[in-house]
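Below is one structure, written out as structure tokens; the observations come after it.
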Amino acid sequence: MRFFKEIWTFIQLFFTGMDKSKTELEPWGVKYILSGKYKYMCWCGRVLFHLEKPEEGILVGEDKNHETLHLIQAHDSGSWIKYYWGYLIEWLKGGGPFSKKSYYVGKYEVEAYAKEGDDTYISRRPAGNVDKFILKDKTQEWKNGRKSSYLFKLYIKEKFKDI
Ligand SMILES: [Zn+2]
93 MRFFKEIWTF IQLFFTGMDK SKTELEPWGV KYILSGKYKY MCWCGRVLFH
143 LEKPEEGILV GEDKNHETLH LIQAHDSGSW IKYYWGYLIE WLKGGGPFSK
193 KSYYVGKYEV EAYAKEGDDT YISRRPAGNV DKFILKDKTQ EWKNGRKSSY
243 LFKLYIKEKF KDI
């Protein structure tokens, strides 16, 4: 039953209106719907974490900055549907299900990874700033990051350090 309840809540949230005054993510511990590959997922004002790791339900540091950046990007888009549609398009441009890089090279993740370590960024970020993080040649940039998720994140942080 819990599985269906999680799925149902997940869908309902997608059709919930966006309240831009809510700038803090609400943690949501889930058992079934967050892949083990990921520690967190920002979804419609919530941040999903693994229920069996309750200590991760309190977001701090880079994780908090990263997920909060996704919330702010969504606010820029104006609705959950527009944001996740845009996110899907970015993922498809990166190769979709056929490429390891598709998740990392989309502008939303590039901004979040580039700036998660900068504690002043969120307060000084102009609306719509995500477009400064568009990678024109995604294949080449992925190569520059040695095609490794870890090294690519370091590469991105260096590339955009002056923004
Ligand atoms: Zn992210």
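Heads up: the sequence shown begins at 93 in our numbering, then just goes up one per residue.
Ideal placement from N, C-alpha and C gives every residue a C-beta, glycine not left out.
Item to complete: Determine the DSSP secondary structure at ARG138, reduced to helix, strand or coil.
Response: Here ARG138 sits in strand by DSSP.
Item to complete: Might you give, ordered along the chain, the residues of its own chain that have their beta carbon closer than 6 Å to the beta carbon of GLU154, omitting 5 neighbours on each side?
Response: Excluding positions up to five away in sequence, the list reads GLU208, GLY209.
Worksheet item: Fully enclosed by the stretch 106-160, which alpha helix (DSSP H) runs are 4 residues long or longer?
Response: None, since the stretch 106-160 contains no complete alpha helix (DSSP H) of that length.
Worksheet item: With distances taken from each beta carbon to the nearest heavy atom of ligand 1, which residues come in below 6 Å, in chain order?
Response: With the cut-off at 6 Å, the residues found are HIS158, HIS162, GLU201, ALA204.
Worksheet item: Where does LYS228 sit, in a helix, a strand or coil, going by DSSP?
Response: Looking at LYS228 - three-state DSSP - the assignment turns out to be coil, as it is neither helix nor strand.
Discussion item. Judging by CA-CA distance, which residue of CYS136, ILE173, LEU140, GLU116 is the nearest neighbour of SER127?
Written reply: For the residues CYS136, ILE173, LEU140, GLU116, the minimum Cα distance to SER127 belongs to LEU140.
Fill in: Inter-residue spacing [alpha-carbon to alpha-carbon] between ASP211 and LYS97
In this structure, the CA atom of ASP211 is about 36 Å from the CA atom of LYS97.
Worksheet item: Looking at C-beta atoms only, is the number of pairs between the stretch 149-169 and the stretch 117-124 that lie closer than 8 Å three or more?
Response: Contact holds: three or more Cβ-Cβ distances are below 8 Å.
Worksheet entry | Exposed unless 16 or more other CB atoms sit within 10 angstroms - verdict on ALA219 | With a threshold of 16 other beta carbon atoms within 10 Å, ALA219 falls short and is exposed.
Discussion item. If you follow the alpha helix (DSSP H) that SER262 is in, where does it begin and where does it stop?
Written reply: The chain is shown only over 93 to 255; residue 262 falls outside these bounds and no answer can be derived.
Discussion item. Taking the alpha helix (DSSP H) that PHE244 belongs to, which residues open and close that run?
Written reply: For PHE244, the enclosing alpha helix (DSSP H) covers residues 241-251.
Worksheet item: By the 10 Å Cβ neighbour count, where 16 or more other Cβ atoms means buried, how is GLN104 classified, buried or exposed?
Response: Classification of GLN104: exposed, given that the 10 Å Cβ count is below 16.
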